Amino acid sequence: MCRSIQTLRGAQPPATDHEVREAALQYVRKISGYRVPSRANAEAFDGAVAEIAAATRRLLDDLIITPGSRPAQPVQRRLK
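See the structure below:
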């Protein structure tokens, strides 16, 4: 799928809202085929990004992370 989407589970420090939104944006871009949607599709595109970001945030907040369940490799995150 999208190679540029980073694993955010167990990230230290925890994933920021910006990182969660960027992952949602990458996902919606991939499945919609739009990098930037037309005006006719902007509302649907932006709504999907917001819904996916919210669901992702809830998922990350609700996951129970035990020491053995962290990703094997440390998450490499870009500083912006």
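For the sequence shown, the positions run -6 to 73 when the numbering used here is used. All residues carry an ideal CB built from backbone N, CA and C; glycine is no exception. Source: prediction; values computed, not measured.
Contact between T49 and A16 is confirmed by a C-beta separation of about 6 Å, below the 8 Å threshold. Shown here, T0 sits in coil according to DSSP, grouped into three states, outside any helix or strand. Residues of the same chain with a CB within less than 6 Å of the CB of D55, apart from the 5 flanking positions on each side, do not exist. Ranked by Cα distance from R51, the options A8, E36, R22, Y20 are led by A8.
By the beta-carbon neighbour count (other beta carbons within 10 angstroms, threshold 16), E12 is buried. Going by DSSP, I45 is part of the alpha helix (DSSP H) stretching over 32 to 55.
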